[in-house]
Each structure stands twice: as C-alpha cells, then as structure tokens.
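Chains as they are written, first to last, in this note's numbering: chain A, -2 to 113; chain E, 1073 to 1541.
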C-alpha cells in the first residue's frame, strides 16, 4: 500500500460524501415553503415552538430501556453457546445479570420509575 | 483455569467488589455522609494494601489481558493516587448529596484505567479508555448547581469524543493494514509503510488529547477550572498517569519498528508542549488554570524522557509519574481545602497566606518546589532522570530547550511562593482547620516528595522492572 493508494482513498472518501450532497443539490427541484420547514410529528399541523423544555422523565425511561436492550443483545449469543461452555456460562451470565440488576435497583431507588 | 482468573485479575476484581459494596449500601442502607466516606477511605486503603501482595505475571483470554510486575506497580501507583484524592476530597464531599455515587464513578474510572494498562489487544484498550473517560465527564459535572461545572463536563465529553474518534480511525486502519488487533502479533507486521505511519499519527493524536500535549491541549484549562478540585486533581494526575503508562508500553513494543518516525514526532511535540505550557502558565490568575498549564509543561518533560526509548526512559517515566502523584496532589490538596471552605481560587487570594496558615503554606511551597525541580525534593530527581534518558540518544537540542524551560518555570512557581510568603493582603484567607483526612493526605504527599528522591531503591526497583530497546 503506497502513499498514492492512501491519497486515492482519502480523495475517494471526500468525493463520496461531498458528491452525494452536491448531486442532490443539482438534481432535486426544490420548492421552499413555510410548511416544509416544520418538524414532522404525525401528520397533523404542528403547534408552538419546538424550543420548549421536555420532561426529563423521557430520557430516564430511555436510559432504563438501554439496560434491558444491552442485556437482550448479550443474551442472544450466550444462548447459542451455553450448552457447549457448560456451567461456567451460567455463572458468567448470573454475574452479568447481577451487575445490570444493581444498576436497575439504583435507578428504582432514585425514583426514576415514578412519572412526575 | 478459574483460579488463574482470580489471581491474575485480582486488582480489578477488588475494585469491582468495592464498587458493588458502595452501590448496594446506597440502595439498601441509609448511611450518613461521614460514615460512608470513612468506609470508602478504609476500603481504598485495604485495596492499596492488597495490591502489593500475591501478584503473578501472566496472560488471559487469548492475550487480551496481560499482567506483569511493572503493570502491577503502575496499578499500585494509581491506587495510591486514588487514596490520596479520596482523603483530600473529604471537606468538599461531606456537604454533597451524592457521596456513594462519587466513589462509584471514581472507581469505575479507575477500573477502566486498569483494563487499559493491562490490555494486550486494541479492543480491550479502547474499552478501557472509554470506561475511564465517560464517568469522568459525569464527575466533572459533580457540582450540580454550578454552571461552570456543566460547561467543563460538556467540553470534556466533546473533546474526548473527538479524541476517541481519531483513535478508533487509527485502530481501524491498523487492523486493515495488519489484519490483527493483538499487540504481540502486530509488532512483526508493522513495516513503516505510509498507511502504518498514518494510522500511528491518528493513534498518537488520540493519546495526545488524553495527556494534553500541545496542539491538543485546548480543553485542559477550561475543564480544570470548571470541575470540582477533587476531579481536577484526578484528571491531572491519575488519568494522565494511566494514559502515559499505556503510551510508553505501546510505543516501546507495538511501534518499535517505526521508532525512527515517532522519535521525530515526539521530539517536536515535546519542545512545543514545554514552551507553550510555560508561556501560558505565566499569565494565569486562577490557581486551577495555573496548575493546568503547569501540568501541560510537565507532560512535555515526560515526552522528552520517552524519546530516549531505552530501559532508563521507561523507568524514569514511571518514576516521574510516582513523584508527580505526590507533588501535584500536595498542591491540589491545599487548593482543594481552601476552595472547599472559602470558595476562593485566584492566585491573588493566596497573598499573605503564610500569616494565617503556616502549615498549609509550607505544604504548598514544598509541592511547588518539587514541581519546579529544586534539588532536595523528588521533583529534581524525576526531571533529572527524564532529561538524562532523553540525552541517551545523543540529541542535545531538546534537552537544552527543556533545561532552559526549567528556568522559565521557576518564575511562575516562585510567583505563587512570593504571594504566599511576602505579599501583604488586607483580606487574607482566614485560618483553616485541617480535617484529619487532609492532614494524613498531606503527610503522605510531603513524605513522598522528601523521601522518594533520596531513597535510591525506589528508582532501582522501577528500573529493574522496566524495559526498552
């Protein structure tokens, strides 16, 4: 891999990302109107400014969801090999669950599951 | 097999157990802040003591995890720094609502650093690095009411995300070029082709962000200023120390074949780092910003030592980090106490400090002398060994520049000493009562500064464990 190849790679990467933006700019016949600038919510006309404060509860639930999401992702490959690895796998997944569950208990103690 | 696992990963497992004890106590028991801190300090002391016994060299998980006597020593140095910081944060933390959380985050960071130091594989290295930097952003935001603290956290997470991006790009190029992620296999495959050099430069940029080497130092002063003092001292000593340990071992083993290339890069970076760090430190009025730029300049000296690439240089880097733990934490201990009790952080606030707080003034002075490198203190020996190691390659230009910069650094260190001892002040900082934990921490630091340099066996011990080429 010489310096030329590296240069070609860099230029190709820039062209690929910049090219997409440029081509769409030339090809698309755009119409500009006020409705287009609005955020898409669910089809009905949007109300008010988008720059208002959101309830922090949404983020807490998203974070808690993440715990179980990661758990699920890890348990799938574990389930494939659990028979082959044997009792060690069971111990390891118990430790893994314990760690995640402690985090969940902490969130529960802090009142993250109460909707305010 | 299973017992191997428990013996080799002992230090990490002990930290894990402490994390869960504190977290479960937070969930299950209502302990007062003071009780919790007593318990946490006790556990950290036990952890430090446990780190010295029953360690064995070995590898685990297909060379993902490596441990040897030098790595154990490095982890013990970090344990020591953690204990000192935990002792010093007492007067700040006792008024805080989230004491167990602070320790849990602190120890999570430490755990990440341990995995990073022990990694024999780029993936584990990256996970360790992230584990050591994401909780740090939370800790930087630990003064929840202060806007400056959130600003510091925001700046830290942004710049560390950028650094991680560069690092990951470097790792992916390296994997593409060599086809392996294991350090020991990679060495033979790195030939110094332009792709390898390019990947190395990206990795170097990622490292340089974490240890704030000059072109990548811009986050340092702002984050140091906004974060609570305990977190600032953690960032400047333990966090940087751990990355330096990995940096040296990666340079000396994985990137050994392209030593000629990185020698030139580090040589340039070190000169620029020392110069800029010193010049900016001169004009700082906030003592935390001042210590930030002084730490940048110190990193420059360490880079000079690293360029030597012999056994002496890797030993002197570890030795200097040990000394740096003592001297920087002694200075931060005084700043932490003053900041926690009075909230004053300007250099001008320290005028007339000696009249009201003679003991704290002496601790601060000894620490600053050690940072500047005045002979009886350990800082002199640390810098002396670093410059000697750098001179081993016969390149005297960076050594001369570094030595001249030591004179420059005297100006700003002594400016603080002058403010403390000589300047008059109408509203000096009132007389502070030093809590027992801070006293203990300061005693450890001052004893370390005075003894480490003179006791030759410390350096001999580190030298015997080190490696070079």
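For every residue, glycine included, the Cβ atom is placed at its ideal position computed from N, Cα and C.
Being a predicted model, the structure only gives us computed values, none of them experimental.
Candidates E:1258, E:1481 and E:1501: which alpha carbon is nearest residue 1353 (chain E)'s?
E:1481
Output, in chain order, the set of chain E residues within a Cβ distance shorter than 7 Å of residue 111 (chain A).
Within chain E, no residue comes near residue 111 (chain A); the closest Cβ sits about 16 Å away, beyond 7 Å.
Check the DSSP bridge columns for residue 1193 (chain E) and list the partner residues they point to.
E:1254
For residue 102 (chain A), which residues in chain E fall below 7 Å Cβ to Cβ?
1099
Identify whether residue 1134 (chain E) lies in helix, strand or coil by the three-state DSSP scheme.
coil
Under 7 Å (Cβ pairs) to chain A, residues found in the segment 1163 to 1189 of chain E
none
Quick one: is residue 48 (chain A) buried, meaning 16 or more other Cβ sit within 10 Å of its Cβ, or exposed?
exposed
Considering only residues of the segment 1315 to 1376 of chain E, which uninterrupted alpha helix (DSSP H) runs meet the minimum length of 4 residues and lie entirely inside it, listed in chain order?
1331 to 1354
Under a CB-based cut-off of 8 Å, is residue 81 (chain A) close to chain E?
no
Using the Cα positions of residue 1453 (chain E) and residue 1320 (chain E), report the straight-line distance between them to the nearest angstrom.
20 Å
Mind pulling the chain E residues with CB within less than 7 Å of residue 114 (chain A)?
Chain A is shown only over -2 to 113; residue 114 (chain A) falls outside these bounds and no answer can be derived.
Between which two residues does the alpha helix (DSSP H) carrying residue 1278 (chain E) extend?
Counting along the chain, the alpha helix (DSSP H) containing residue 1278 (chain E) begins and ends at 1266 to 1282.
Cβ contact check for the segment 1392 to 1403 of chain E and the segment 1363 to 1374 of chain E: 3 or more pairs under 8 Å:
yes
Rounded to whole angstroms, what's the CA-CA distance from residue 1135 (chain E) to residue 1288 (chain E)? Just pull it up for me.
32 Å
Kindly list, in the order they appear in chain A, the residues whose Cβ is closer than 7 Å to that of residue 1270 (chain E).
3
Is DSSP giving residue 1499 (chain E) helix, strand or coil here?
Residue 1499 (chain E): coil per DSSP, three-state reduction.
Within-8 Å CB hit, residue 1493 (chain E) to chain C
Any reference to chain C falls outside this structure, whose protein chains are A and E.
Pick helix, strand or coil for residue 1139 (chain E), following the three-state DSSP scheme.
strand
Can you confirm whether residue 1092 (chain E), when its beta carbon is compared against all beta carbons of chain A, has any partner nearer than 8 Å?
yes
Delimiting residues of the alpha helix (DSSP H) encompassing residue 1421 (chain E):
The continuous stretches of alpha helix (DSSP H) do not include residue 1421 (chain E), and DSSP gives it neither H nor E.
In three-state terms, what does DSSP make of residue 1215 (chain E)?
coil
Around the Cβ of residue 18 (chain A), are there at least 16 other Cβ atoms within 10 angstroms (buried) or fewer (exposed)?
Per the 10 Å Cβ criterion, exposed.
Using a beta-carbon distance cut-off of less than 8 Å, what residues from the segment 1468 to 1482 of chain E approach chain A?
none
Ends of the alpha helix (DSSP H) at residue 1517 (chain E)?
1508 to 1526
List the residues of chain A that residue 1115 (chain E) touches, going by C-beta distances under 8 Å, in chain order.
What residue 1115 (chain E) touches in chain A: nothing, since even the nearest Cβ is about 17 Å away.
Classification of residue 1263 (chain E) by the beta-carbon crowding that lies within 10 angstroms, buried from 16 upward:
exposed
List the residues of chain A whose Cβ lies closer than 7 Å to the Cβ of residue 1095 (chain E), in chain order.
99 and 103
Buried versus exposed, by CB contacts within 10 Å (16 or more), residue 1104 (chain E)
Answer is exposed; the Cβ neighbour count stays below 16.
Start and end of the alpha helix (DSSP H) containing residue 1297 (chain E)?
1290 to 1298
If you measure between the beta carbons of residue 1212 (chain E) and residue 1233 (chain E), is that distance less than 8 Å?
Not a contact, by the Cβ cut-off of 8 Å.
In whole angstroms, what separates the C-alpha of residue 1171 (chain E) from that of residue 102 (chain A)?
17 Å
Distance between residue 1418 (chain E) and residue 1496 (chain E) (C-alpha atoms, nearest Å)
Distance between the alpha carbons of residue 1496 (chain E) and residue 1418 (chain E) is about 15 Å.
Report, in whole angstroms, the separation of the C-beta atoms of residue 1305 (chain E) and residue 1440 (chain E), which I expect to be a contact under 8 Å.
About 15 Å separates the Cβ atoms of residue 1305 (chain E) and residue 1440 (chain E), ruling out a contact at the 8 Å cut-off.
What are the boundary residues of the alpha helix (DSSP H) that includes residue 89 (chain A)?
84 to 106 is the span of the alpha helix (DSSP H), which, as asked, contains residue 89 (chain A).
Compute the beta-carbon to beta-carbon distance between residue 1145 (chain E) and residue 1310 (chain E), rounded to the nearest angstrom, for a pair I have assumed lies under 8 Å.
Actually they are not in contact, since the Cβ atoms of residue 1145 (chain E) and residue 1310 (chain E) sit about 15 Å apart, beyond 8 Å.
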